[in-house]
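Colleague: Numbering (full-length UniProt numbering), first residue to last: 1 to 443.
Beta carbons: idealized from backbone N, C-alpha and C, even for Gly.
Sharing a structure with you now.
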């Protein structure tokens, strides 16, 4: 890679003076060379009996100057023609050769003196052409990136070099400015819109920032976009403050019955809370303003209705369970009463100590009796157990007959009622009623 560059810094005062003197000297030497070449070619044309010897030098020198001027102008505007440059060089060599031939009869010194005057003009023209070509080629020659940047920031340097090659950025300083402008714009967009900043800007702008092209236009668009965004945020903040003032009543939360518009309240850097509507985020105090939570009246009434229906259903369920428990309790009481009626009356001891003594004496008496007449004692125990069991069975049957009679009596007056309704009236469980109904149908 060539390292020849064209500096962009303006010329100093001394450089301008030197350049002016060089141009003036070149013009003077060129005029001198043209005059000397004119007289030399004219004399040679007269010796060679050329037609119009006074005009013949003008044709040769004028043609050479015209071709050189066209070549310089085309090179200056960035459209040089290769073959035209070679024609200009051929005409220049011809003019120098004619001047050298005119001095051959006077010796080598005369040849050099005759050829030197037009050669100076040709050298000046070639120097100007070379400078113009260097200026045209300079933008296509890329400046090298310092090795220190390759060592300290390899990934970003590779990306910068890639952009220099892809988007024709030959100068390292311009590529560095592009890199810094791109990262600064992306950082501002991330601060304003978050990590999904590409979703909030035009697609073309996002692409240009991603690849790093047309950064001047892109940064201008980013500044305008951010200015509009921050202006809109300020308006929303002012609107939020007004809503906060309007939504700060002096009453309790439950007394607020009207719908209030939800408000996004900024409570920190990038943190917002929704207050109002159906969202209650507690008590906030941004800007030394105590903001009470606001409840939507419509949703509050709906929640109250649902809670009331749920409470009523729970009460009905608890009442049904209470009736079932009462029916089971009555059944157990009837059964125990029947069993107690069938058992013989027993005197209970007054205290546990007396009862323990009575049990001990009875046990000793039983052992003594069993040793004397074991056969008679066993017979008495068997008869007592049979009498006790038979009494419980008769009591259970009597209770069942009474329950069946009550069920039959209820069915005569209410034939269409269900087993649950009959059980609630009679005081037994629904399964007991179904069992009695099956027995009545069978009978």
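Tell me which residues share the same chain as residue 434 and place their Cβ nearer than 7 Å to its Cβ, disregarding the 5 neighbours each side in the sequence.
Modeller: 419
Colleague: Just verifying my parser: in three-state terms, what is the DSSP assignment at residue 164?
Modeller: helix
Colleague: If we require 4 or more residues per run, which alpha helix (DSSP H) segments fall completely within the segment 49-126?
Modeller: 56-76 and 82-102
Colleague: Under the three-state reduction of DSSP, which class applies to residue 371: helix, strand or coil?
Modeller: Its pLDDT being 48, under 50, residue 371 is placed unreliably by the model, and nothing is read from it.
Colleague: Whole-angstrom Cβ separation of residue 429 and residue 328, contact assumed at under 8 Å?
Modeller: 6 Å
Colleague: Report the residue from 122, 135 and 159 whose alpha carbon sits nearest the alpha carbon of residue 32.
Modeller: For the residues 122, 135 and 159, the minimum Cα distance to residue 32 belongs to 122.
Colleague: Taking just the CA atoms, how far does residue 311 sit from residue 338?
Modeller: 41 Å
Colleague: In whole angstroms, what is the alpha-carbon distance linking residue 381 and residue 406?
Modeller: At residue 381, the pLDDT of 44 sits below 50, so the modelled position is not reliable and the matter cannot be decided from this model.
Colleague: Do three or more CB pairs link the segment 210-226 to the segment 181-194 at distances below 8 Å?
Modeller: yes
Colleague: How is residue 171 classed by DSSP in three states: helix, strand or coil?
Modeller: coil
Colleague: Ordered along the chain, which non-local residues of its own chain (more than five positions away) have a Cβ less than 6 Å from that of residue 149?
Modeller: 157
Colleague: Would you mind working out which of 395, 173 and 176 sits nearest residue 333, comparing C-alpha positions?
Modeller: Distances from the alpha-carbon of residue 333 to those of 395, 173 and 176 put 395 closest.
Colleague: Taking 8 Å as the limit between beta carbons, can you name the residues of its chain near residue 188, skipping five residues before and five after?
Modeller: 222 and 226
Colleague: Alpha carbon to alpha carbon, what distance is there between residue 120 and residue 36?
Modeller: 12 Å
Colleague: Please determine if the segment 78-97 and the segment 14-21 are in contact, where contact requires at least 3 C-beta pairs separated by less than 8 Å.
Modeller: no
Colleague: List the endpoints of the continuous alpha helix (DSSP H) containing residue 422.
Modeller: Start and end: 419-426.
Colleague: Can you give me the C-alpha to C-alpha distance between residue 60 and residue 177, rounded to a whole angstrom?
Modeller: 53 Å
Colleague: Return yes when the Cβ of residue 165 is within less than 9 Å of the Cβ of residue 142, no when it is not.
Modeller: yes
Colleague: Using 10 angstroms around the beta-carbon of residue 92, count the other beta-carbons present and answer buried if the total reaches 16, otherwise exposed.
Modeller: That one is buried.
Colleague: Ends of the alpha helix (DSSP H) at residue 31?
Modeller: Taken as a continuous stretch (DSSP letters only), the alpha helix (DSSP H) holding residue 31 covers 13-47.
Colleague: Helix, strand or coil: which one does DSSP assign to residue 309?
Modeller: helix
Colleague: Should residue 169 go down as buried or exposed, given a rule of 16 or more other Cβ atoms within 10 Å for buried?
Modeller: Residue 169 should be labelled buried.
Colleague: When you compare only the Cα positions, how much space is there between residue 159 and residue 144?
Modeller: Take the alpha-carbon of residue 159 and the one of residue 144: they are about 14 Å apart.
Colleague: Between the alpha carbons of residue 13 and residue 29, how many angstroms are there, rounded?
Modeller: 24 Å
Colleague: Measure the C-alpha to C-alpha separation of residue 411 and residue 399 and round it to an integer number of angstroms.
Modeller: 18 Å
Colleague: Taking all protein chains shown into account, do 16 or more other C-beta atoms lie within 10 angstroms of the C-beta of residue 439, making it buried, or fewer, making it exposed?
Modeller: exposed
Colleague: So residue 57 packs on residue 41, CB below 8 Å; how close in whole Å?
Modeller: 4 Å
Colleague: Around the C-beta of residue 45, are 16 or more other C-beta atoms found within 10 angstroms, so that it is buried, or is it exposed?
Modeller: buried
Colleague: Please report the residue range of the alpha helix (DSSP H) in which residue 213 lies.
Modeller: Residue 213 -> no alpha helix (DSSP H), and no H or E assigned at all.
Colleague: For my contact list, residue 403 and residue 426 are in at a C-beta cut-off of 8 Å; report their separation, rounded to the angstrom.
Modeller: A Cβ-Cβ separation of about 7 Å places residue 403 in contact with residue 426 under the 8 Å criterion.
Colleague: If you reduce the DSSP assignment to three classes, tell me which class residue 415 lands in.
Modeller: coil
Colleague: Tell me where the alpha helix (DSSP H) around residue 148 begins and ends.
Modeller: 147-152
Colleague: Taking the alpha-carbon positions, what's the residue 305 to residue 199 distance?
Modeller: Across the structure, residue 305 and residue 199 are spaced so that their CA atoms are roughly 43 Å apart.
Colleague: At the level of alpha carbons, what is the spacing between residue 38 and residue 133?
Modeller: 30 Å
Colleague: When the Cα atoms are used, what is the spatial distance from residue 230 to residue 154?
Modeller: Going by the C-alpha atoms only, they are around 35 Å apart.
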